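This report refers to the structure that appears directly beneath it.
In the UniProt record's numbering, the protein residues as written are 1 to 501.
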(Lines of atoms letter the chains of each structure in order from A and count residues from 1; the text may use other names and numbers.)
(Lines give C-alpha, C1' and ligand atoms only; values in the text may rest on other atoms or scores of the structure.)
Protein backbone atom coordinates (compact mmCIF):
# COMPACT_ATOMS: atom_id res chain seq x y z
CA UNK A 1 0.00 0.00 0.00
CA UNK A 2 1.26 3.60 -0.40
CA UNK A 3 4.08 5.30 1.44
CA UNK A 4 4.36 4.61 5.18
CA UNK A 5 3.18 7.26 7.59
CA UNK A 6 5.30 8.19 10.60
CA UNK A 7 2.94 6.44 13.06
CA UNK A 8 2.72 3.21 11.05
CA UNK A 9 4.98 0.18 11.58
CA UNK A 10 7.81 -0.23 9.11
CA UNK A 11 8.78 3.42 9.15
CA UNK A 12 11.87 3.47 11.35
CA UNK A 13 13.67 6.37 12.93
CA UNK A 14 16.61 5.84 10.57
CA UNK A 15 14.40 6.40 7.53
CA UNK A 16 14.86 9.79 5.82
CA UNK A 17 11.99 12.16 6.19
CA UNK A 18 11.08 11.06 9.72
CA UNK A 19 10.96 13.82 12.25
CA UNK A 20 9.58 13.38 15.77
CA UNK A 21 8.87 17.11 15.77
CA UNK A 22 6.43 17.65 12.92
CA UNK A 23 6.02 21.33 13.60
CA UNK A 24 9.79 22.04 13.26
CA UNK A 25 10.81 23.78 9.96
CA UNK A 26 14.07 22.33 8.46
CA UNK A 27 16.98 24.64 7.63
CA UNK A 28 16.86 25.66 3.93
CA UNK A 29 20.64 26.00 3.59
CA UNK A 30 21.21 22.57 5.08
CA UNK A 31 18.67 21.06 2.69
CA UNK A 32 20.30 22.72 -0.36
CA UNK A 33 23.71 21.52 0.80
CA UNK A 34 22.37 17.99 1.10
CA UNK A 35 20.91 18.18 -2.39
CA UNK A 36 24.22 19.41 -3.84
CA UNK A 37 26.15 16.67 -2.07
CA UNK A 38 23.75 14.04 -3.38
CA UNK A 39 24.02 15.38 -6.93
CA UNK A 40 27.79 15.54 -6.70
CA UNK A 41 27.81 11.91 -5.59
CA UNK A 42 25.65 10.90 -8.56
CA UNK A 43 27.94 12.82 -10.93
CA UNK A 44 31.02 10.85 -9.88
CA UNK A 45 32.60 9.36 -12.99
CA UNK A 46 33.44 5.68 -13.06
CA UNK A 47 37.12 4.88 -13.53
CA UNK A 48 36.22 1.86 -15.70
CA UNK A 49 33.49 2.98 -18.09
CA UNK A 50 33.87 6.75 -17.87
CA UNK A 51 30.13 7.15 -17.16
CA UNK A 52 28.33 8.62 -14.14
CA UNK A 53 25.12 7.56 -12.46
CA UNK A 54 23.35 10.90 -12.92
CA UNK A 55 23.65 10.91 -16.72
CA UNK A 56 22.92 7.19 -16.86
CA UNK A 57 19.63 7.59 -14.96
CA UNK A 58 18.71 10.56 -17.14
CA UNK A 59 19.34 8.58 -20.34
CA UNK A 60 17.35 5.62 -18.99
CA UNK A 61 14.35 7.81 -18.14
CA UNK A 62 14.56 9.53 -21.53
CA UNK A 63 14.59 6.18 -23.33
CA UNK A 64 11.65 4.89 -21.25
CA UNK A 65 9.54 8.00 -21.83
CA UNK A 66 10.32 8.04 -25.57
CA UNK A 67 9.63 4.34 -26.19
CA UNK A 68 7.11 3.70 -23.34
CA UNK A 69 7.55 -0.11 -23.26
CA UNK A 70 5.17 -2.42 -21.39
CA UNK A 71 6.17 -3.88 -18.02
CA UNK A 72 9.06 -1.48 -17.71
CA UNK A 73 9.95 -2.63 -14.22
CA UNK A 74 10.68 -6.13 -15.50
CA UNK A 75 13.08 -4.98 -18.24
CA UNK A 76 14.76 -2.07 -16.48
CA UNK A 77 18.02 -4.00 -16.33
CA UNK A 78 18.00 -4.61 -20.09
CA UNK A 79 17.26 -0.95 -20.76
CA UNK A 80 20.23 -0.02 -18.58
CA UNK A 81 22.48 -2.33 -20.63
CA UNK A 82 21.20 -0.92 -23.93
CA UNK A 83 21.91 2.63 -22.79
CA UNK A 84 25.45 1.66 -21.79
CA UNK A 85 26.13 -0.10 -25.08
CA UNK A 86 24.86 2.92 -27.04
CA UNK A 87 27.49 5.08 -25.34
CA UNK A 88 30.28 2.61 -25.99
CA UNK A 89 33.09 4.12 -28.06
CA UNK A 90 35.64 1.92 -29.73
CA UNK A 91 39.32 2.79 -29.63
CA UNK A 92 40.96 4.82 -32.38
CA UNK A 93 42.11 2.75 -35.33
CA UNK A 94 45.73 2.78 -36.40
CA UNK A 95 44.72 4.10 -39.85
CA UNK A 96 43.07 7.48 -39.49
CA UNK A 97 41.10 9.39 -42.10
CA UNK A 98 42.80 12.41 -43.63
CA UNK A 99 41.52 15.69 -42.27
CA UNK A 100 39.51 17.41 -44.99
CA UNK A 101 39.46 21.20 -45.07
CA UNK A 102 35.92 22.42 -45.80
CA UNK A 103 35.61 24.72 -48.83
CA UNK A 104 34.15 27.49 -46.68
CA UNK A 105 37.36 27.51 -44.63
CA UNK A 106 39.50 27.72 -47.78
CA UNK A 107 37.38 30.63 -49.07
CA UNK A 108 37.70 32.38 -45.71
CA UNK A 109 41.49 32.05 -45.87
CA UNK A 110 41.53 33.66 -49.33
CA UNK A 111 39.27 36.48 -48.21
CA UNK A 112 41.46 36.93 -45.14
CA UNK A 113 44.40 37.79 -47.39
CA UNK A 114 42.40 40.70 -48.85
CA UNK A 115 42.34 42.45 -45.46
CA UNK A 116 46.11 42.33 -44.96
CA UNK A 117 47.90 45.65 -45.49
CA UNK A 118 51.22 45.52 -47.26
CA UNK A 119 53.81 48.00 -46.09
CA UNK A 120 53.49 50.81 -43.62
CA UNK A 121 50.79 53.46 -43.64
CA UNK A 122 53.33 56.24 -44.23
CA UNK A 123 54.43 54.69 -47.51
CA UNK A 124 50.81 54.43 -48.66
CA UNK A 125 50.18 58.08 -47.78
CA UNK A 126 53.08 59.14 -49.99
CA UNK A 127 51.77 57.09 -52.92
CA UNK A 128 48.15 58.29 -52.68
CA UNK A 129 48.70 61.03 -55.24
CA UNK A 130 50.33 58.67 -57.74
CA UNK A 131 47.78 55.83 -57.40
CA UNK A 132 44.82 55.78 -59.83
CA UNK A 133 41.33 56.46 -58.52
CA UNK A 134 39.77 53.35 -57.02
CA UNK A 135 36.13 52.79 -58.07
CA UNK A 136 33.66 52.99 -55.21
CA UNK A 137 32.11 49.56 -55.61
CA UNK A 138 30.06 49.88 -52.42
CA UNK A 139 28.42 53.10 -53.61
CA UNK A 140 27.56 51.50 -56.96
CA UNK A 141 26.17 48.45 -55.16
CA UNK A 142 24.01 50.73 -53.00
CA UNK A 143 22.32 52.31 -56.02
CA UNK A 144 21.78 49.01 -57.84
CA UNK A 145 20.49 47.43 -54.64
CA UNK A 146 17.54 49.83 -54.74
CA UNK A 147 16.51 48.19 -58.01
CA UNK A 148 17.01 44.66 -56.67
CA UNK A 149 20.16 44.17 -58.74
CA UNK A 150 23.64 43.25 -57.62
CA UNK A 151 25.58 41.12 -55.17
CA UNK A 152 25.42 40.84 -51.40
CA UNK A 153 27.37 43.36 -49.36
CA UNK A 154 30.06 40.89 -48.31
CA UNK A 155 30.91 39.88 -51.87
CA UNK A 156 30.80 43.50 -53.03
CA UNK A 157 33.32 44.44 -50.36
CA UNK A 158 35.57 41.51 -51.27
CA UNK A 159 35.53 42.68 -54.90
CA UNK A 160 36.29 46.20 -53.68
CA UNK A 161 39.44 44.94 -51.93
CA UNK A 162 40.39 42.73 -54.88
CA UNK A 163 40.28 45.74 -57.23
CA UNK A 164 42.49 47.64 -54.79
CA UNK A 165 45.06 44.83 -54.93
CA UNK A 166 44.87 44.84 -58.74
CA UNK A 167 45.64 48.56 -58.85
CA UNK A 168 48.61 48.08 -56.54
CA UNK A 169 50.12 45.40 -58.79
CA UNK A 170 49.34 46.48 -62.37
CA UNK A 171 50.26 49.81 -64.07
CA UNK A 172 46.64 50.97 -64.31
CA UNK A 173 45.40 54.44 -65.19
CA UNK A 174 41.64 53.92 -64.68
CA UNK A 175 39.72 50.99 -63.21
CA UNK A 176 36.06 49.98 -63.12
CA UNK A 177 34.07 46.96 -61.95
CA UNK A 178 32.54 45.69 -65.21
CA UNK A 179 30.35 42.92 -63.78
CA UNK A 180 30.10 39.20 -63.22
CA UNK A 181 29.55 36.48 -65.84
CA UNK A 182 28.20 33.18 -64.54
CA UNK A 183 29.70 29.81 -65.43
CA UNK A 184 28.82 26.16 -65.00
CA UNK A 185 31.77 25.40 -62.69
CA UNK A 186 33.04 28.83 -61.65
CA UNK A 187 32.11 32.45 -62.31
CA UNK A 188 34.10 35.35 -63.73
CA UNK A 189 34.57 38.65 -61.90
CA UNK A 190 35.62 41.22 -64.50
CA UNK A 191 37.56 44.47 -64.11
CA UNK A 192 37.72 47.01 -66.93
CA UNK A 193 40.94 49.03 -66.89
CA UNK A 194 42.99 51.41 -68.98
CA UNK A 195 46.71 50.83 -68.80
CA UNK A 196 49.25 53.59 -68.80
CA UNK A 197 50.37 54.84 -72.21
CA UNK A 198 53.82 53.28 -72.12
CA UNK A 199 52.49 49.85 -71.21
CA UNK A 200 50.15 49.70 -74.21
CA UNK A 201 52.99 50.63 -76.57
CA UNK A 202 55.24 47.91 -75.18
CA UNK A 203 52.55 45.29 -75.69
CA UNK A 204 52.01 46.23 -79.31
CA UNK A 205 55.76 46.17 -79.93
CA UNK A 206 56.15 42.70 -78.45
CA UNK A 207 53.22 41.41 -80.48
CA UNK A 208 54.67 42.94 -83.63
CA UNK A 209 58.04 41.27 -83.07
CA UNK A 210 56.33 37.93 -82.49
CA UNK A 211 54.29 38.25 -85.66
CA UNK A 212 57.39 39.20 -87.67
CA UNK A 213 59.31 36.21 -86.30
CA UNK A 214 56.38 33.91 -87.02
CA UNK A 215 56.13 35.34 -90.54
CA UNK A 216 59.81 34.67 -91.22
CA UNK A 217 59.43 31.07 -90.03
CA UNK A 218 56.39 30.57 -92.23
CA UNK A 219 58.26 32.00 -95.25
CA UNK A 220 61.23 29.68 -94.72
CA UNK A 221 58.92 26.69 -94.30
CA UNK A 222 57.00 27.67 -97.42
CA UNK A 223 60.23 27.90 -99.46
CA UNK A 224 61.29 24.41 -98.34
CA UNK A 225 57.88 23.03 -99.25
CA UNK A 226 58.06 24.66 -102.69
CA UNK A 227 61.44 23.03 -103.37
CA UNK A 228 60.06 19.62 -102.45
CA UNK A 229 56.99 20.13 -104.62
CA UNK A 230 59.15 21.01 -107.64
CA UNK A 231 60.90 17.66 -107.35
CA UNK A 232 57.65 15.73 -107.13
CA UNK A 233 54.85 15.63 -109.69
CA UNK A 234 52.67 18.71 -109.37
CA UNK A 235 49.07 17.85 -108.41
CA UNK A 236 46.19 20.03 -109.65
CA UNK A 237 46.15 23.34 -107.79
CA UNK A 238 43.08 24.38 -105.84
CA UNK A 239 41.25 27.45 -107.08
CA UNK A 240 39.93 28.24 -103.61
CA UNK A 241 41.25 31.45 -102.08
CA UNK A 242 40.55 32.06 -98.40
CA UNK A 243 39.10 35.48 -97.57
CA UNK A 244 41.70 38.02 -96.47
CA UNK A 245 42.28 38.16 -92.72
CA UNK A 246 40.90 41.31 -91.14
CA UNK A 247 43.45 42.86 -88.77
CA UNK A 248 42.49 43.53 -85.17
CA UNK A 249 42.10 47.05 -83.88
CA UNK A 250 45.06 48.58 -82.10
CA UNK A 251 45.22 48.65 -78.32
CA UNK A 252 43.37 51.63 -76.90
CA UNK A 253 40.98 51.91 -79.85
CA UNK A 254 37.71 50.31 -80.93
CA UNK A 255 36.98 46.92 -79.46
CA UNK A 256 40.40 46.93 -77.74
CA UNK A 257 39.95 50.32 -76.11
CA UNK A 258 40.00 48.77 -72.64
CA UNK A 259 41.94 45.91 -71.09
CA UNK A 260 40.09 43.35 -68.99
CA UNK A 261 41.27 41.36 -65.99
CA UNK A 262 39.24 38.44 -64.63
CA UNK A 263 39.29 36.16 -61.60
CA UNK A 264 36.96 33.42 -60.37
CA UNK A 265 36.69 34.65 -56.79
CA UNK A 266 37.95 37.68 -54.85
CA UNK A 267 41.36 36.82 -53.50
CA UNK A 268 42.38 34.65 -56.43
CA UNK A 269 44.99 36.07 -58.86
CA UNK A 270 43.79 38.37 -61.63
CA UNK A 271 44.36 37.12 -65.20
CA UNK A 272 44.66 39.50 -68.14
CA UNK A 273 42.51 38.64 -71.15
CA UNK A 274 44.09 38.82 -74.63
CA UNK A 275 42.99 41.44 -77.19
CA UNK A 276 39.97 40.51 -79.27
CA UNK A 277 40.13 39.97 -83.03
CA UNK A 278 37.37 40.56 -85.62
CA UNK A 279 37.30 36.85 -86.47
CA UNK A 280 36.52 35.99 -82.84
CA UNK A 281 33.66 38.51 -82.67
CA UNK A 282 32.16 37.33 -85.98
CA UNK A 283 32.29 33.69 -84.85
CA UNK A 284 30.94 34.50 -81.37
CA UNK A 285 27.80 35.90 -83.00
CA UNK A 286 27.12 32.53 -84.65
CA UNK A 287 27.52 30.30 -81.59
CA UNK A 288 26.11 30.15 -78.08
CA UNK A 289 28.20 28.40 -75.45
CA UNK A 290 28.01 28.35 -71.66
CA UNK A 291 31.16 29.36 -69.81
CA UNK A 292 32.84 26.78 -67.60
CA UNK A 293 34.94 29.15 -65.48
CA UNK A 294 38.24 27.77 -66.84
CA UNK A 295 40.02 30.15 -69.21
CA UNK A 296 41.95 27.37 -70.94
CA UNK A 297 38.84 25.32 -71.72
CA UNK A 298 38.39 24.60 -75.46
CA UNK A 299 35.37 25.94 -77.37
CA UNK A 300 33.85 23.04 -79.32
CA UNK A 301 31.43 24.57 -81.81
CA UNK A 302 30.55 25.02 -85.45
CA UNK A 303 31.79 27.15 -87.03
CA UNK A 304 35.02 26.44 -85.12
CA UNK A 305 35.91 29.27 -82.77
CA UNK A 306 39.45 30.66 -83.23
CA UNK A 307 40.61 30.41 -79.64
CA UNK A 308 39.77 29.07 -76.20
CA UNK A 309 37.35 30.24 -73.50
CA UNK A 310 39.50 33.26 -72.65
CA UNK A 311 39.12 34.55 -76.22
CA UNK A 312 35.39 33.75 -76.26
CA UNK A 313 34.93 35.58 -72.95
CA UNK A 314 36.79 38.61 -74.31
CA UNK A 315 34.61 38.63 -77.46
CA UNK A 316 31.39 38.49 -75.42
CA UNK A 317 32.62 41.31 -73.16
CA UNK A 318 33.25 43.47 -76.24
CA UNK A 319 29.78 42.72 -77.62
CA UNK A 320 28.01 43.42 -74.32
CA UNK A 321 29.93 46.65 -73.74
CA UNK A 322 29.18 47.94 -77.24
CA UNK A 323 25.46 47.32 -76.87
CA UNK A 324 24.70 48.18 -73.24
CA UNK A 325 27.06 50.88 -71.97
CA UNK A 326 24.94 54.02 -71.85
CA UNK A 327 24.94 57.36 -70.05
CA UNK A 328 22.53 60.30 -69.64
CA UNK A 329 22.23 62.34 -72.83
CA UNK A 330 24.52 65.35 -72.66
CA UNK A 331 26.82 64.01 -69.96
CA UNK A 332 29.54 63.45 -72.57
CA UNK A 333 30.45 65.65 -75.51
CA UNK A 334 32.91 65.29 -78.38
CA UNK A 335 36.42 66.48 -77.61
CA UNK A 336 36.90 68.12 -81.05
CA UNK A 337 33.93 70.16 -82.22
CA UNK A 338 35.30 70.34 -85.78
CA UNK A 339 35.35 66.53 -86.08
CA UNK A 340 32.32 64.94 -87.69
CA UNK A 341 30.05 62.87 -85.48
CA UNK A 342 30.48 59.71 -87.54
CA UNK A 343 34.27 59.88 -87.36
CA UNK A 344 34.50 61.07 -83.75
CA UNK A 345 36.15 58.52 -81.51
CA UNK A 346 36.92 60.49 -78.35
CA UNK A 347 34.64 62.29 -75.95
CA UNK A 348 34.96 64.17 -72.70
CA UNK A 349 32.74 64.99 -69.75
CA UNK A 350 30.48 68.00 -70.19
CA UNK A 351 30.98 70.31 -67.22
CA UNK A 352 27.78 72.23 -68.04
CA UNK A 353 25.59 69.13 -67.99
CA UNK A 354 22.37 69.50 -66.02
CA UNK A 355 20.84 66.13 -65.11
CA UNK A 356 17.17 65.72 -66.00
CA UNK A 357 14.69 64.60 -63.33
CA UNK A 358 14.22 60.89 -62.72
CA UNK A 359 10.64 60.96 -63.99
CA UNK A 360 11.81 62.28 -67.35
CA UNK A 361 14.59 59.68 -67.63
CA UNK A 362 12.06 56.92 -66.97
CA UNK A 363 9.40 58.16 -69.37
CA UNK A 364 11.61 58.96 -72.39
CA UNK A 365 14.51 56.91 -73.77
CA UNK A 366 15.88 60.02 -75.51
CA UNK A 367 17.50 60.94 -72.20
CA UNK A 368 19.98 58.05 -72.57
CA UNK A 369 22.79 57.68 -75.13
CA UNK A 370 25.46 55.13 -76.07
CA UNK A 371 29.01 56.15 -75.15
CA UNK A 372 30.68 53.04 -76.66
CA UNK A 373 30.97 52.56 -80.40
CA UNK A 374 28.92 49.79 -81.96
CA UNK A 375 30.61 46.81 -83.60
CA UNK A 376 30.15 46.40 -87.35
CA UNK A 377 29.39 43.12 -89.11
CA UNK A 378 33.09 42.99 -89.94
CA UNK A 379 33.94 42.60 -86.24
CA UNK A 380 35.54 46.02 -85.90
CA UNK A 381 34.32 49.42 -84.76
CA UNK A 382 36.06 51.14 -87.70
CA UNK A 383 35.63 49.57 -91.13
CA UNK A 384 38.71 48.52 -93.09
CA UNK A 385 38.94 47.39 -96.71
CA UNK A 386 40.10 43.74 -96.58
CA UNK A 387 41.04 43.67 -100.29
CA UNK A 388 43.45 46.59 -99.94
CA UNK A 389 47.01 45.47 -100.74
CA UNK A 390 50.29 46.82 -99.56
CA UNK A 391 52.29 49.09 -101.86
CA UNK A 392 55.03 46.48 -102.30
CA UNK A 393 52.68 43.90 -103.81
CA UNK A 394 50.68 46.32 -105.96
CA UNK A 395 52.85 45.96 -109.07
CA UNK A 396 52.98 42.15 -108.86
CA UNK A 397 49.23 41.71 -108.38
CA UNK A 398 47.82 44.33 -110.74
CA UNK A 399 45.99 41.74 -112.79
CA UNK A 400 44.36 40.14 -109.75
CA UNK A 401 43.28 43.53 -108.43
CA UNK A 402 41.55 44.38 -111.69
CA UNK A 403 39.52 41.20 -111.42
CA UNK A 404 38.63 41.86 -107.76
CA UNK A 405 37.63 45.49 -108.27
CA UNK A 406 34.12 44.50 -109.25
CA UNK A 407 33.66 42.42 -106.09
CA UNK A 408 34.97 44.95 -103.56
CA UNK A 409 32.95 45.23 -100.35
CA UNK A 410 30.99 48.35 -99.65
CA UNK A 411 32.13 50.43 -96.71
CA UNK A 412 30.17 49.80 -93.53
CA UNK A 413 29.11 52.69 -91.37
CA UNK A 414 27.68 52.09 -87.93
CA UNK A 415 25.85 54.45 -85.62
CA UNK A 416 28.05 57.30 -84.37
CA UNK A 417 29.02 57.77 -80.76
CA UNK A 418 26.49 59.29 -78.33
CA UNK A 419 23.57 57.95 -80.36
CA UNK A 420 20.28 57.93 -78.47
CA UNK A 421 19.11 54.52 -77.33
CA UNK A 422 15.63 55.36 -78.61
CA UNK A 423 16.99 54.53 -82.09
CA UNK A 424 17.84 50.94 -81.06
CA UNK A 425 15.75 48.34 -82.83
CA UNK A 426 13.54 46.07 -80.77
CA UNK A 427 13.13 42.31 -81.00
CA UNK A 428 9.73 41.64 -82.56
CA UNK A 429 7.26 42.95 -79.95
CA UNK A 430 9.90 43.43 -77.24
CA UNK A 431 11.58 46.85 -76.91
CA UNK A 432 15.35 47.01 -76.65
CA UNK A 433 15.24 48.82 -73.30
CA UNK A 434 13.00 49.05 -70.24
CA UNK A 435 13.25 52.07 -67.95
CA UNK A 436 11.71 52.32 -64.51
CA UNK A 437 12.11 54.13 -61.21
CA UNK A 438 13.56 52.31 -58.22
CA UNK A 439 10.48 53.20 -56.14
CA UNK A 440 7.12 54.87 -56.65
CA UNK A 441 6.46 55.40 -52.95
CA UNK A 442 9.14 58.08 -52.47
CA UNK A 443 9.64 59.51 -55.98
CA UNK A 444 11.79 62.44 -54.82
CA UNK A 445 14.51 60.00 -53.71
CA UNK A 446 14.10 57.39 -56.45
CA UNK A 447 16.78 56.34 -58.93
CA UNK A 448 16.33 55.84 -62.68
CA UNK A 449 17.03 52.22 -63.64
CA UNK A 450 17.57 51.09 -67.23
CA UNK A 451 17.44 47.42 -68.18
CA UNK A 452 18.57 45.91 -71.49
CA UNK A 453 16.22 43.34 -73.00
CA UNK A 454 18.69 42.47 -75.77
CA UNK A 455 21.37 41.48 -73.26
CA UNK A 456 19.57 40.16 -70.14
CA UNK A 457 21.60 41.06 -67.07
CA UNK A 458 22.82 44.47 -68.28
CA UNK A 459 21.66 47.40 -66.13
CA UNK A 460 22.37 51.09 -65.77
CA UNK A 461 21.34 53.62 -63.14
CA UNK A 462 21.33 57.41 -63.06
CA UNK A 463 20.90 59.70 -60.08
CA UNK A 464 21.86 63.31 -60.65
CA UNK A 465 25.35 63.40 -62.16
CA UNK A 466 26.07 59.85 -61.01
CA UNK A 467 25.53 56.90 -63.32
CA UNK A 468 27.03 53.45 -63.82
CA UNK A 469 26.71 50.36 -66.01
CA UNK A 470 26.98 46.78 -64.79
CA UNK A 471 26.33 43.25 -66.00
CA UNK A 472 25.29 40.12 -64.11
CA UNK A 473 24.37 37.20 -66.35
CA UNK A 474 25.40 34.22 -68.46
CA UNK A 475 26.90 36.31 -71.28
CA UNK A 476 24.23 35.36 -73.83
CA UNK A 477 22.21 37.59 -76.11
CA UNK A 478 18.43 37.27 -76.07
CA UNK A 479 16.89 35.63 -79.10
CA UNK A 480 13.09 35.48 -79.54
CA UNK A 481 13.47 32.10 -81.21
CA UNK A 482 15.53 29.15 -80.05
CA UNK A 483 19.17 29.17 -81.09
CA UNK A 484 19.80 27.26 -84.32
CA UNK A 485 23.44 26.43 -85.06
CA UNK A 486 24.79 27.37 -88.46
CA UNK A 487 24.54 24.64 -91.08
CA UNK A 488 27.72 23.27 -92.67
CA UNK A 489 28.53 24.57 -96.17
CA UNK A 490 27.12 22.64 -99.15
CA UNK A 491 29.21 19.76 -100.43
CA UNK A 492 31.50 20.60 -103.33
CA UNK A 493 30.87 19.09 -106.77
CA UNK A 494 32.66 15.88 -107.61
CA UNK A 495 35.56 15.95 -110.05
CA UNK A 496 34.10 15.46 -113.56
CA UNK A 497 34.92 11.98 -114.86
CA UNK A 498 35.53 11.84 -118.60
CA UNK A 499 36.87 9.26 -121.07
CA UNK A 500 40.44 10.35 -120.39
CA UNK A 501 40.23 9.13 -116.77
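Yeah, the Cβ is synthetic: ideal placement off N, Cα and C, and Gly gets one too. Values in this document were obtained by computation on a predicted structure and should not be read as measured data.
Where does residue 68 land, buried or exposed, given buried means 16+ other C-beta within 10 angstroms? Counting every other CB atom within 10 Å of its CB across the protein chains shown gives residue 68 a total below 16, marking it as exposed.
Does DSSP put residue 365 in a helix, in a strand, or in coil? Of the three classes helix, strand and coil, the one that applies to residue 365 here is helix, per DSSP.
Quick one: grab the DSSP three-state call for residue 175. strand
Between which two residues does the alpha helix (DSSP H) carrying residue 156 extend? 153 to 169
Do you know offhand how far residue 163's Cα is from residue 295's? Computed Cα separation, rounded: 20 Å.
What residue range does the beta strand (DSSP E) around residue 469 cover? 466 to 473
Could you give the DSSP three-state label for residue 215: helix, strand or coil? Reliability fails at residue 215, whose pLDDT of 46 lies under 50, so the model's placement of it is uncertain and no value is given.
Nearest to residue 454 (by Cα), restricted to the options 258, 168, 320: 320
According to DSSP, is residue 241 part of a helix, a strand, or is it coil? coil
Our contact map puts residue 79 next to residue 63 with C-beta atoms below 8 Å; I'd like the distance itself, whole angstroms only. With a contact defined as Cβ atoms closer than 8 Å, residue 79 and residue 63 qualify at about 6 Å.
Name the one or two DSSP bridge partners that residue 548 has. Given a span of 1 to 501 for the chain in the structure shown, any question on residue 548 remains unanswerable.
Residue 30 in three-state terms, based on DSSP: helix
Since residue 279 and residue 379 are thought to touch, with beta carbons under 8 Å apart, how far apart are those beta carbons, to the nearest angstrom? 7 Å
Compute the beta-carbon to beta-carbon distance between residue 358 and residue 482, rounded to the nearest angstrom, for a pair I have assumed lies under 8 Å. That pair is no contact at about 37 Å.
Our contact map puts residue 308 next to residue 318 with C-beta atoms below 8 Å; I'd like the distance itself, whole angstroms only. Rounded, the Cβ-Cβ distance is 16 Å, inconsistent with contact.
List the whole-angstrom C-beta distance separating residue 260 from residue 190, where the pair is believed to meet the contact cut-off of C-beta under 8 Å. Correct: roughly 6 Å between the Cβ atoms.
Environment of residue 316 [buried if 16+ CB atoms lie within 10 Å]: So residue 316 counts as buried.
Just how far apart, CA to CA, sit residue 322 and residue 496? Inter-residue distance for residue 322 and residue 496 is about 49 Å (C-alpha atoms, whole angstroms).
Find the nearest neighbour of residue 166 within the set 271, 54, 478, judged by alpha-carbon distance. 271
Could you work out which residue in 40, 417, 84 is closest to residue 335 when comparing CA atoms only? 417
Beta bridge counterpart(s) of residue 462 as assigned by DSSP: 448, 467
With 16 as the cutoff for other CB atoms within 10 Å, does residue 58 come out buried or exposed? Exposed, since its Cβ has fewer than 16 Cβ neighbours within 10 Å.
Please determine, among 350, 266, 56, 192, the residue with the shortest C-alpha to C-alpha distance to residue 157. 266
List the DSSP bridge partners of residue 477. Paired residues: none, contrary to the question.
Whole-angstrom C-beta distance between residue 149 and residue 175, which should lie under 8 Å: Their Cβ separation, rounded to whole angstroms, is 21 Å, which puts residue 175 and residue 149 out of contact at 8 Å.
What do you get for residue 413, buried or exposed, if any count of 16 or more other CB atoms within 10 angstroms of its CB means buried? exposed
Rank 441, 411, 479 by C-alpha distance to the C-alpha of residue 430 and give the top, closest one. Residue 430 has its Cα closest to that of 479, out of 441, 411, 479.
Residues in the same chain with beta-carbon distance under 8 Å from residue 253, minus the five sequence neighbours each way, listed in chain order, please. 345, 381, 382
Buried or exposed for residue 475, please, with buried defined as at least 16 other CB atoms from any protein chain shown within 10 angstroms of its CB. buried
Whole angstroms are fine: how far does the CA of residue 247 sit from the CA of residue 486? 24 Å
Kindly indicate which three-state DSSP category residue 358 falls into: helix, strand or coil? helix
Any idea if residue 152 is buried or exposed, counting beta-carbon neighbours within 10 angstroms, 16 or more meaning buried? exposed
Look up residue 348 in the DSSP assignment and say whether it is helix, strand or coil. DSSP places residue 348 in strand when its eight states are reduced to three.
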